[in-house]
Amino acid sequence: MKKIAATALIATLAFSHIAFAQSDAISARQKLMKGIGDEMKTLGGMAQGKIEYDATKAAAAAKVISENAREFPTLFPDDSMTGNKTEALPIIWEKKDDFTQKAEKLSADAATLADASAGGLDAFKPAFGAMAENCKSCHETYRAKTQ
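Here's what the structure looks like:
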């Protein structure tokens, strides 16, 4: 009886550790993506003239996006395909190399945007557009459509 109870306890702890790790990866990537989204709102507002252009703030926001995008592929371990209301589509794990390349391109595009920001709004807008297009193409392929 004690062996059965001990085995059940070990199985429960192992399962809860896996579930926690899965949930932890999903939560981490959702937090990271929210951070990117917050920076995109600022940058988009500047590009659209809704927020006054500030080269220093634009460069800082772009650097955050670049850093987050670089980390992003590490937050999709195989055991985190489902759970915690993830919007990540299974194709991420099927086309992991392409997904990683898109994240690397986003990081590079954001770094380019950070550099371009010093050149004023005329340099900022096309660099922002290129980066935003990268976001859009990745979301179209790898993110579930929200209702």
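Letter by letter, the sequence shown follows residues -21 to -1, 1 to 126 of mature numbering (1 follows the signal peptide of the UniProt record, and there is no 0).
Built from N, CA and C at the ideal position, the CB exists for glycine as well.
query: Identify every run of the alpha helix (DSSP H) within the segment 45 to 108, keeping only runs that are complete inside it and at least 4 residues long; order them along the chain.; result: 70 to 73 and 75 to 95
query: Quick one: what's got a C-beta closer than 6 Å to Ala(-8)'s C-beta in the same chain, skipping five residues either side?; result: The predicted position of Ala(-8) is uncertain, since its pLDDT is 42 and thus under 50; a value taken from the coordinates is nonetheless stated next. Counting only Cβ-Cβ distances below 6 Å, and skipping sequence neighbours, we find nothing.
query: If you check the beta carbons only, do Ile5 and Thr65 fall under 8 Å apart?; result: yes
query: Given a threshold of 16 other Cβ atoms within 10 Å of its Cβ, counted over all protein chains shown, does Ile71 qualify as buried or as exposed?; result: buried
query: Between the beta-carbon of Ala38 and the beta-carbon of Ala93, is there less than 8 Å?; result: yes
query: Just the Cα atoms here: how many angstroms apart are Ser86 and Lys29?; result: 25 Å
query: Report yes or no: do three or more beta-carbon pairs, one from the segment 92 to 112 and one from the segment 36 to 55, lie closer than 8 Å?; result: yes
query: Kindly give me the distance between the Cβ atoms of Ala7 and Leu54, rounded to whole angstroms, as I take these residues to be in contact under 8 Å.; result: 5 Å
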